[in-house]
Amino acid sequence: MVMTENIDHNGVLFERAKRVIPGGVNSPVRAFRAVGGTPRFIRRAQGAYLWDAGGRRYTDYIGSWGPMILGHGHPAVVQAVQQAALEGFSFGAPTEREVELAEEILRLMPSMDMVRLVSSGTEAAMSAVRLARGATGRSKLIKFEGCYHGHADALLVKAGSGLATFGHATSAGVPPEVVQHTLVLEYNNVEQLEQAFALHGNDLACLMMEPIAGNMNFVRASVDFVKRCRELCSQYGALLVFDEVMTGFRVALGGAQSVYARQLPGFEPDMTVMGKVIGGGMPLAAFGAKRKVMELLAPLGAVYQAGTLSGNPVATACGLATLREIGKPGFFEALSHKTRSLVSGLSQAAREAGVAFCGDSEGGMFGFFLLEKLPQNYATVMRTDGARFNTLFHGLLERGVYIAPALYEAGFVSAAHTDADIAATVAAAREAFALLSRP
Ligand SMILES: *Cc1c(COP(=O)(O)O)cnc(C)c1O
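For the sequence shown, counting from 1, position 13 maps to 128 in this note's numbering; every step adds exactly one.
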């Protein structure tokens, strides 16, 4: 296709999209509402790069919001998907591949005995809540401000991610009686946590948390906080649910739970919610727990849950091929090293420009803030100067670096990013930071 320099291909597509799709997008944060400007319509991707409708190349630090841990178009994954597509898209009947994927997930995350495969993180988190309520016979649940668990009604309470852009504490269309059982607490606040358990502990079905929050940029739960969450859940008989949709198979092969278990020997959540990387870019998610909890699900038990496309053969082929690649020796060491070098390079570039900056990473997930020190909760994250972030965002985008178009999103490095890509990104950032330090 011939590209004409003076046509704004992205702009033309965005206008066309807005006529037929609300806001022109199928998921709100893609619309660039927080940062302004025109979203890039992606034509294709390969390795660490995306190409937009105008033919411009970007180094991709979103990776489809996490799944593309191998980079785009990894040959082993493409081959597995092509083969699966030839064998049939969907049967509505069990397949061996679902069993293989379930076995692989359980091997990597031994806190679970069984998993159920679904099609999105939203569905997995929603089902996990239902199962926790069914297992305990209780209704209440705890979540934390700034943690996102998909858009099921009961969880759409002061969530971060797309909602924060529009400044809503909650969504319209969610009846108050549906969220009346959801307690929203401050992340990393042990005192508040203890108070909530003292008041409601005996009525709590579960506590759901992102162990490393990736929907308020990148905020770790402190080890002490995770420890108290674990202790209080055990003490009161509530289920500790780790939402590892983002962190699972991304911060470490065994997920964030393995990172915390290094410092809290024997640590395990009661239930784990997964998505993103386990589908390798296809719609696939899962939730799992110990056998006695999972056996409460239909058809064995009374907690209903189902899905026409659950365990889809093409999606499971994609996920399985992805998990097999990331399980190879040295994979996470190399990915972590690259991610750390990106964050330290950005940090140095910011320091040289005299721009307040701090960053953190774990495995292939990172975050940075235009703040002096790492925030511990949502309110502190939101103290970032949005206008400065937007200048940085567009400064990077113009220089071919594609980061999340909102300051409360995490970033992702893939195995396809080379040291040269990281160095080029740091060079672009040096120029972009200079835009911020100008008086
Ligand atoms: C992305 C995400 C979800 C929702 O997953 P979808 O597949 O977008 O529905 C849930 N929890 C966390 C932590 C996520 O990052």
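We treat Cβ as the ideally placed atom computed from N, Cα and C, and that holds for glycine.
Model, not experiment: these values are computed from the prediction.
task = Would you grab the beta carbon distance between E477 and V366 for me? Rounded to a whole angstrom, and I think it's under 8 Å.
result = The Cβ separation is near 4 Å, so the contact holds.
ask   = If you check the beta carbons only, do D536 and T174 fall under 8 Å apart?
value = Contact flag set, yes.
Option nearest L450 by Cα separation, candidates M480, S425, P428 = Closest by C-alpha distance to L450, out of M480, S425, P428, is M480.
inquiry  = Counting C-beta neighbours from all protein chains within 10 Å, is the total for Y419 16 or more, i.e. buried, or is it exposed?
reply    = Y419 is exposed by the Cβ-count criterion.
ask   = What's the C-alpha gap between G138 and G126?
value = G138 and G126: Cα-Cα distance of roughly 13 Å.
ask   = Over what stretch of residues does the beta strand (DSSP E) that includes V293 continue unbroken?
value = Segment 291 to 294 is the alpha helix (DSSP H) holding V293; no beta strand (DSSP E) there.
inquiry  = I need the boundaries of the beta strand (DSSP E) containing V556, first residue and last residue.
reply    = What the structure shows of the chain is the stretch from 116 to 554, and residue 556 is not part of that stretch, so it cannot be assessed.
key: For H187, the residue or residues it bridges with in DSSP   = Paired residue(s): G162.
key: Interface flag, V127 vs chain D, CB-CB below 8 Å   = Checking the listed chains, one finds no chain D in this structure; it contains a single protein chain.
ask   = Are the region 239 to 250 and the region 396 to 412 in contact at 8 Å, needing three or more beta carbon pairs?
value = The region 239 to 250, when compared against the region 396 to 412, does touch it at the 8 Å Cβ threshold.
query = Taking Cβ to Cβ, would you say V574 is nearer than 8 Å to A549?
reply = This structure cannot speak to residue 574, because the chain is shown only from 116 to 554.
key: Sub-8 Å separation of D358 and H264 beta-carbons   = In this structure, the beta-carbon distance from D358 to H264 falls below 8 Å.
task = Can you tell me the Cβ-Cβ gap for K488 and W180, rounded? I've got them flagged as a contact below 8 Å.
result = With a beta-carbon spacing of about 26 Å, K488 and W180 fall beyond the 8 Å limit used to define contacts.
message = Just to check my reading of the structure: A371 and T362 have Cβ atoms closer than 8 Å, yes? What is that Cβ distance to the nearest angstrom?
response = Yes, they are in contact, since the Cβ atoms of A371 and T362 sit about 4 Å apart, within 8 Å.
message = What I want to know is whether the C-beta of V360 ends up closer than 7 Å to one or more non-hydrogen atoms of ligand 1.
response = At least one heavy atom of ligand 1 sits closer than 7 Å to the Cβ of V360.
message = Taking 7 Å as the cut-off, is the C-beta of Y263 nearer than that to any heavy atom in ligand 1?
response = Y263: yes, Cβ under 7 Å from ligand 1.
Among S226, L415, A401, the one whose alpha carbon lies nearest that of S425 = Checking every option, the nearest Cα to that of S425 belongs to A401.
request  = Note down, in chain order, each residue of its chain lying with its Cβ closer than 7 Å to the Cβ of N317, except the 5 sequence neighbours on either side.
outcome  = Y351, listed in sequence order.
request  = Using beta-carbon positions only, say whether A72 and L507 come within less than 8 Å of one another.
outcome  = Since the first and last residues shown for the chain are 116 and 554, residue 72 lies out of range.
query = On the three-state DSSP scale, how would you describe D123?
reply = In this structure, D123 counts as coil in the three-state DSSP scheme.
query = How many angstroms separate the CA atom of T454 from the CA atom of V528?
reply = So the alpha carbons of these two residues sit roughly 6 Å apart.
message = Would you say the beta carbon of A400 is closer than 7 Å to some non-hydrogen atom of ligand 1?
response = Within the cutoff, so yes.
task = Compare the beta carbon distance of A471 and G186 with 8 Å and say whether it is the shorter of the two.
result = Annotated as distal: A471 and G186, with beta-carbon spacing of 8 Å or more.
ask   = Can you tell me the Cα-Cα spacing of S205 and P490, whole angstroms?
value = In a straight line, the C-alpha of S205 is about 45 Å away from that of P490.
query = DSSP state of G275, grouped into three classes?
reply = Reliability of the predicted coordinates at G275 is poor, the pLDDT of 38 falling under 50, and the value obtained from them is presented with this limitation in mind. Shown here, G275 sits in coil according to DSSP, grouped into three states, outside any helix or strand.
ask   = Considering only residues of the same chain and omitting the five flanking positions on each side of L221, which have a CB-CB separation below 8 Å?
value = Same-chain partners within the cutoff: M227, D228, M229, V230, G403.
query = Do you know offhand how far R131's Cα is from F156's?
reply = Put simply, the backbone Cα of R131 is about 12 Å away from that of F156.
inquiry  = Suppose you measure from the CA of P380 to the CA of V233; what does that come to, to the nearest Å?
reply    = Spanning the two alpha carbons is a distance of roughly 31 Å.
inquiry  = Please report the straight-line C-alpha distance between T153 and H509, rounded to a whole angstrom.
reply    = A direct Cα-Cα distance of roughly 11 Å separates T153 from H509.
query = Quick one: what's got a C-beta closer than 6 Å to G460's C-beta in the same chain, skipping five residues either side?
reply = Hits under 6 Å: V541.
ask   = In or out: I122 buried (at least 16 other Cβ within 10 Å) or exposed?
value = Around the beta carbon of I122, fewer than 16 other beta carbons lie within 10 angstroms, which makes this residue exposed.
query = Could you give the residue range of the alpha helix (DSSP H) that holds C433?
reply = That run of the alpha helix (DSSP H) goes 428 to 441.
query = So who's on the other strand from G181, going by DSSP bridges?
reply = Paired residues: none, contrary to the question.
request  = Would you list the one or two residues that DSSP bridges to E477?
outcome  = E477 is bridged to M480.
CA nearest to the CA of R514, picked from R171, S142, L399 = The option with the nearest alpha carbon to R514 is R171.
request  = Quick one: residues in its chain with C-beta nearer than 7 Å to the C-beta of L511, no 5 flanking neighbours on either side, listed in chain order?
outcome  = Within the same chain, L511 has close Cβ partners I518, A543, A544, A547.
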